[in-house]
Amino acid sequence: MRVQLRLKPDSYIPKGSHAKVSGFSALGGVHVTILPGPRDNPRLPPGTTLSPPETTSSLSRLTEQAPALINKTDSVLTSANSSLAALRQQLRSPDSDLRRSLASVQKITGDIESVTDAEKETIRALLQDLRSVSSDLEAFMEENGDSLDVAVGRLNRSLDRLNRSLASFERTSATLDTIATKLNEGRGTAGRLLNDPGLYRRLDSVAVQTNALLRDVRRNPDHYLDDMTLMKVF
14 MRVQLRLKPD SYIPKGSHAK VSGFSALGGV HVTILPGPRD NPRLPPGTTL
64 SPPETTSSLS RLTEQAPALI NKTDSVLTSA NSSLAALRQQ LRSPDSDLRR
114 SLASVQKITG DIESVTDAEK ETIRALLQDL RSVSSDLEAF MEENGDSLDV
164 AVGRLNRSLD RLNRSLASFE RTSATLDTIA TKLNEGRGTA GRLLNDPGLY
214 RRLDSVAVQT NALLRDVRRN PDHYLDDMTL MKVF
């Protein structure tokens with residue numbers, strides 16, 4: 014295709030410029046793009062034919078890069094073959110580190126599977142026992158719930174009575190301590206108490222009986238629980 018252009022007289026197109034035709038349309042419109050050369054080049058004279066810019070096709074670029082691509086591909090294949098050969102040698106040798114590592118991994122996997130299976134059975138048996146105990150305890154509570162409430166109530170009342178008795182005993186002991194202190198110091202009626210053997214014997218008898226009562230309470234607390242029937246819960 015040849016296109017003739019008319020340019021303004023003051024247009025400056027240096028040597029080395031190229032023209033590119035583009036923009037074809039159905040209405041016949043055409044665009045011409047001028048790619049100017051170096052500005053230091055002399056001006057083209059009128060009537061000069063501008064050649065299109067040099068273009069490099071994909072095939073030519075591929076042809077230029079083919080040797081480098083072939084060398085790189087050959088290097089990659091060589092490295093892959095070396096790696097595969099080394100791996101094949103490791104797999105064939107029974108004493109190689111890779112074979113020993115694979116054997117260790119296989120053994121560990123087998124041990125983990127066996128332990129897991131054993132633990133599964135243990136956990137399953139434990140859960141079954143827990144369910145059985147829970148069922149038995151629930152049934153026992155349903156059958157003996159009222160009896161347990163009554164027994165707990167009786168025990169609480171007996172403990173209250175025992176606490177009141179112990180409080181009274183503590184007050185009596187405090188009184189006896191006060192009297193003994195006064196006797197030792199000789200104050201108040203200490204002289205009359207010391208000169209009255211009968212009163213001394215009565216006080217001694219009260220102390221003996223009180224100590225006997227305390228020992229009996231400690232040894233046989235059930236005598237003071239109002240004949241309550243105790244129940245053992247398993």
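Counting with our numbering, you get residues 14 to 247 for the letters of the sequence shown. C-beta atoms are modelled at their ideal positions from N, C-alpha and C, and glycine is treated no differently.
In the structure shown, the three-state DSSP call for Arg-19 is coil. Taking a C-beta distance under 9 Å as the contact criterion, Leu-48 and Ala-32 qualify as a contact pair.
CA-CA distance, Ser-92 to Ala-99, rounds to 11 Å. Between Arg-112 and Gln-103 a beta carbon distance of about 7 Å is seen, short of the 8 Å cut, so the two are scored as contacting. Contact between the region 219–236 and the region 172–192 is present: three or more C-beta pairs spanning the two stretches fall below 8 Å.
Between Leu-57 and Pro-27, the beta carbon gap of about 7 Å places them in contact (Cβ cut-off 8 Å). Taking 4 residues as the shortest admissible run, the region 156–192 contains no complete alpha helix (DSSP H) segment at all. A Cβ-Cβ separation of about 13 Å leaves Pro-65 out of contact with Gly-29 under the 8 Å criterion. Rounded to whole angstroms, the separation of the alpha carbons of Met-154 and Leu-179 is 34 Å.
Selection Gln-119, Leu-18 and Gly-60 evaluated against Thr-46 yields Leu-18 as nearest (Cα-Cα).
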